[in-house]
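Heads up: the structure comes next, in structure tokens.
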Amino acid sequence: MLQFTFLGTSSGVPTLTRNVSGLAINYCKSKDWILVDAGEGTQHRIQQAKLSLQHLKAICITHVHGDHCYGLMGLLASAGMNARKDPITLIAPKEIQQWLEVTCQFTELFLPYPIHFIDVNTLTSPLQLDAHISIDAHHLHHRVTSYAYGFKATQTQRKLNIEVLNQLKIPKGKLWGDLQQGQNIEWNGQSILSQDVLIQNTQSVYAIVGGDNDQPELLSNACQDVALLIHETTYTQSILDKVGAGPMHSSAKMVAEFAESIQLSNLIATHLSARYHDAQGVQSIGDEIAQYYHGNFYIADDFDQYELNMHGELTQLRSGKPWEK
Ligand SMILES: [Zn+2]
Ligand SMILES: [Zn+2]
Numbered sequence: 004m005l006q007f008t009f010l011g012t013s014s015g016v017p018t019l020t021r022n023v024s025g026l027a028i029n030y031c032k033s034k035d036w037i038l039v040d041a042g043e044g045t046q047h048r049i050q051q052a053k054l055s056l057q058h059l060k061a062i063c064i065t066h067v068h069g070d071h072c073y074g075l076m077g078l079l080a081s082a083g084m085n086a087r088k089d090p091i092t093l094i095a096p097k098e099i100q101q102w103l104e105v106t107c108q109f110t111e112l113f114l115p116y117p118i119h120f121i122d123v124n125t126l127t128s129p130l131q132l133d134a135h136i137s138i139d140a141h142h143l144h145h146r147v148t149s150y151a152y153g154f155k156a157t158q159t160q161r162k163l164n165i166e167v168l169n170q171l172k173i174p175k176g177k178l179w180g181d182l183q184q185g186q187n188i189e190w191n192g193q194s195i196l197s198q199d200v201l202i203q204n205t206q207s208v209y210a211i212v213g214g215d216n217d218q219p220e221l222l223s224n225a226c227q228d229v230a231l232l233i234h235e236t237t238y239t240q241s242i243l244d245k246v247g248a249g250p251m252h253s254s255a256k257m258v259a260e261f262a263e264s265i266q267l268s269n270l271i272a273t274h275l276s277a278r279y280h281d282a283q284g285v286q287s288i289g290d291e292i293a294q295y296y297h298g299n300f301y302i303a304d305d306f307d308q309y310e311l312n313m314h315g316e317l318t319q320l321r322s323g324k325p326w327e328k
């Protein structure tokens, strides 16, 4: 129902194995997708992950730090060179709009498609992006204004009520198909409304993707109905203690304790400092989370892909390096 492809999982700077922040979200089997953050080099990651800029419906920027947005202008320009015409919704701090305007002006960038800019600060109620997904925003705590985005995917399944169809003696075949598609039919001189023979089952699932943040507990209310939280774990606690509170990031322990306190079902940790990019580093982050949190969790690697189904169950579809088709 919601699919997450990690395009960048490094904090601050890219390394050979991990790029800076970028996360693609596909939903409800739609071709459209949403990008959360666009660190430098994200458009290469998009190509490698075989995602199409033509179907990029919305971009959500969590905050203005370069490792979360320096790839945005190039990506928008490339979408223009691919002759995109459809609008892109851009939800971001208002500074991003100013930056976009001066970039267009100073670099003679003429985008052939409209950008619907939404100042994230004004997003006080969920934005219904299309019939299947809505987006909301939650304040975080970081060196600059930072937000988490919530994504609620909704899917309606329509099943034929076989009992009623048999009672009405409607023969299997085209008429059943028409009714299933929501069309009304004529049968035995009688109008049959599809709504009378369909069982509709609407289900939804909600996930939150955090930006940089040193107070995970700020998401307590937002996480009440959440099936998955994706949150930064930049350091282990011992390194955070050495680095000090200045950078305003979370340790694995802080996020794990928060996840445990709200009985979170699924957690994906990301945004690792470069010192954790080897196997030993990832292990130390994982060990620390496991010590304080007993739910299901993963530590994201670039090109990892996860699926959250309509029952709120999270599975890993792909792991690790660029995959071959
Ligand atoms: Zn960052
Ligand atoms: Zn930051």
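In our numbering, the protein residues as written are 4 to 328.
Glycine residues also receive a C-beta, built at the ideal position from the N, C-alpha and C atoms.
These numbers come from a predicted model, not from an experiment.
Could you compute how far the alpha carbon of residue i sits from the alpha carbon of residue j?
i      : j      : result
Cys226 : Asp217 : 16 Å
Ala272 : Glu104 : 34 Å
Ser253 : Gly15  : 14 Å
Asn85  : Ile94  : 22 Å
His71  : Leu56  : 18 Å
Asn224 : Lys60  : 28 Å
Leu54  : Phe306 : 12 Å
Asp89  : Tyr116 : 6 Å
Leu255 : Val200 : In the sequence on display, residue 255 carries Ala and not Leu. Distance between the alpha carbons of Ala255 and Val200: 51 Å.
Gly298 : Arg278 : 26 Å
Glu260 : Phe154 : 23 Å
Gly74  : Gln50  : 13 Å
Trp102 : Gly284 : 36 Å
Ser276 : Ile302 : 13 Å
Val246 : Thr236 : 14 Å
Glu98  : Ala156 : 29 Å
His144 : Trp36  : 27 Å
Ile188 : Asn164 : 15 Å
Thr250 : Gln203 : Residue 250 is actually Pro in this sequence, not Thr. Roughly 49 Å separates the two Cα atoms.
Lys328 : Thr318 : Legend: pLDDT at Lys328 = 48, less than 50; position of this residue unreliable, value from coordinates given subsequently. Those two C-alpha atoms are separated by around 20 Å.
Val67  : Ser24  : 12 Å
Thr329 : Met76  : No statement about residue 329 is possible, as the shown extent of the chain runs from 4 to 328 and does not include it.
Ala32  : Ala210 : The sequence given here has Lys at residue 32, not Ala. Answer to the nearest angstrom: the Cα atoms are 17 Å apart.
Asn124 : Asp133 : 21 Å
Trp179 : Gly192 : 17 Å
Ile118 : Ile91  : 5 Å
Asp290 : Phe300 : 11 Å
Ser13  : Gln186 : 50 Å
Cys63  : Tyr152 : 8 Å
Ser81  : Leu168 : 52 Å
Gly42  : Leu267 : 28 Å
Gln183 : Gln160 : 10 Å
Cys107 : Lys175 : 58 Å
Tell me whether residue i, by its Cβ, gets closer than 6 Å to a heavy atom of ligand 1.
i     : result
Asp70 : yes
Ser2  : In the structure as shown, the chain begins at 4 and stops at 328. Residue 2 is therefore absent and cannot be evaluated.
Ser14 : yes
Below 8 Å on the Cβ atoms is my contact criterion, and I expect residue i with residue j to pass it. Report the Cβ-Cβ distance as a whole number of Å.
i      : j      : result
Val208 : Ala230 : 5 Å
Ala27  : Leu10  : 6 Å
Ile138 : Pro129 : 7 Å
Gln198 : Gln158 : The Cβ separation is near 18 Å, so there is no contact.
Ala270 : Tyr296 : The sequence shown places Leu at residue 270, not Ala. The pair is a contact, with the Cβ atoms about 7 Å apart (cut-off 8 Å).
His141 : Leu222 : 6 Å
Thr18  : His280 : 5 Å
- Pocket of ligand 2 defined by Cβ to heavy atom distance under 6 Å: Cβ-based neighbours of ligand 2 within the cut-off: His66, His68, His145, Asp215.
- Which runs of the beta strand (DSSP E) fall wholly inside the stretch 75-130 and span at least 3 residues, in chain order? 91-95, 118-122
- Please go through the stretch 129-210 and give each complete beta strand (DSSP E) segment of 3 or more residues, from N-terminal end onward. For the stretch 129-210, whole beta strand (DSSP E) runs of length 3 or above, ordered along the chain, are 130-133, 136-142, 150-163, 188-190, 193-195.
- Runs of alpha helix (DSSP H) lying entirely within the stretch 241-274, each at least 4 residues, in chain order: 255-264
- Message: I'd like the ranges of any alpha helix (DSSP H) spanning at least 4 consecutive residues and lying wholly in the stretch 278-319.
- Response: 282-295
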